[in-house]
Every structure is written in structure tokens, then in C-alpha cells.
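Working notes, beginning with the structure itself.
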Amino acid sequence: MLTIGLTGGIASGKTTVSDLFAEQGVAVVDADVAARRVVEPGEPALAELAQAFGADIITNAGHLDRQKLRQKAFVDTATRKRLEAILHPRIRERMEAELAACRGPYALLSVPLLVESNLLDMVSRVLVVDIPEAMQRERLIARDGCAPEEVDGILATQSRRDVRLQHADDVIDNTGDLDSLRQQVQRLHRDYLAMAGKAADHHPGVAEG
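If you read the sequence shown in the numbering used here, its first letter stands for residue 2, the second for the next number, and so on.
Structure follows, in C-alpha cells:
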């Protein structure tokens, strides 16, 4: 199946774009949703996290205390890599399973850190939602109430805008209004349907899943 990797910097509008594709009937697999599911009560990753970072990251109700985990796991590069080693393989496995279950001409895989997490091999094309960094900062402060220094820290964990764009096969400009965004999504949807049709002609049975 043709798989479109949707990515973009924080506060660029990825969720709005994926929702607009979903309105067109496109199956969307979201990395953030997969990341939440792999740490649900009873999942092996939750027990591994408790072993690695302490039992106090689990609430009395048996759920992950994300704030406590962040405080412990993001103190330095070594602890962050330990966290990633536990979570990333399981998140990838879940996303692969969800993609395999998708039906339709093509699917959208929404991954905020698609480039940074070395997941480009999972997708056929890369679609970047793009806004200038100054606008990204404004939206992040308005949306999450972040202090300017917090914004700097968050942006430092992500690829630079120019690096993301180097990997892009397609780009959505999200500096305009919702109508502009919708028109761009509809145009790309038509393009992707055409690409998926050609792939199906070349490989009979691919589009059926």
C-alpha cells in the first residue's frame, strides 16, 4: 500500500492536516496514539519503564505518570536513549500492525519525529506541513503557554526546518487559513489516489490491502 509519512515541526498543524485527510476517507495511523497505547496498564513496556526509571512513575491506578517519567528520562542524553530503546521498537511494531490492517488505496502515517526517529523506511513519500519558525514559536506559546526558553528547548529536540524540507516529497504551506489548507489536502489526495492507482496497476492486488 502507498504510505504517506506526514510530519512537521511542533505546532505546525499536523493534526489539522491529518483530520482533513481523514475527512476524505483516508486511513490515518498516528504515532502519538500508538505511543499512548504501548504504555497502557498491562503492556510489557510499562513494566520495563518502571524497572528502568522507578516504580513511582506508575500511579496508584496503574497508569503511567507522564510528568514523572519526563522528569526522570529527560535529564540527559543517556537516560533519554534508554527510554527510546524501550518505547521506539514497540511503537514501530504497533504502527506496522495498524498499517497492515488499513484498507483503501493509500494510508497516512502521522509521525512528528519521522526524520529524527529514522522511520523513513516505513513510508513511500514524505509530506511536510511547513510554517516559518517565528510562526511556530508564536503558535506554541499561544497554544501551550510555553515560556520562550521552553520553546527553545522543545525546538532543539527536533530537526531544523531546512532538514525536514530536504526529505519532503510534498509540502503543505500552513501559513494561511483553513480553506487554503483544505484545498491543498484535496489536491494532494487526488495526486495520491492517482499514484496508488498506478502502483496497483503495476502490482495487482496491492490496493486491496
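Ideal Cβ placement from N, Cα and C applies to all residues, glycine included.
- Going by C-alpha positions, L109 is about 26 Å away from R138.
- The beta carbon of R83 sits closer than 7 Å to those of A53, all from its chain and outside the five residues before and after it, given in chain order.
- The way I'd put it, the segment 89-98 does touch the segment 26-41; three or more beta-carbon pairs between them come closer than 8 Å.
- DSSP links R126 through a beta bridge to I5.
- Per DSSP, reduced to three states, the secondary structure at I142 is helical.
- For the pair of segments examined, the segment 174-193 was found to touch the segment 17-29: the number of CB pairs separated by less than 8 Å reaches three.
- For S13, no beta strand (DSSP E) encloses it, and the DSSP letter there is neither H nor E.
- For the 8 Å CB-CB criterion, A74 and T80 form a contact.
- Secondary structure note for A56: it is in no beta strand (DSSP E), with a DSSP letter that is neither H nor E.
- Counting only residues of its own chain and dropping the five nearest sequence neighbours on each side, V152 has a CB closer than 7 Å to the CB of R138, L141, I142.
- Under the Cβ criterion (8 Å, minimum of three pairs), the segment 154-161 does not count as touching the segment 192-201.
- Around the beta-carbon of D31, 16 or more other beta-carbon atoms lie within 10 Å, marking it buried.
- Short of 8 Å from the beta carbon of E97, and not among the five residues preceding or following it, lie these beta carbons of its own chain, in chain order: M123.
- Counting only the Cα atoms, A23 lies some 7 Å from V29.
- Under DSSP, no beta-bridge partner is assigned to Y193.
- In its chain, beyond the 5 residues on either side, no residue has a beta carbon closer than 8 Å to the beta carbon of E150.
- Residue pairing by DSSP places V172 opposite V129 in a beta bridge.
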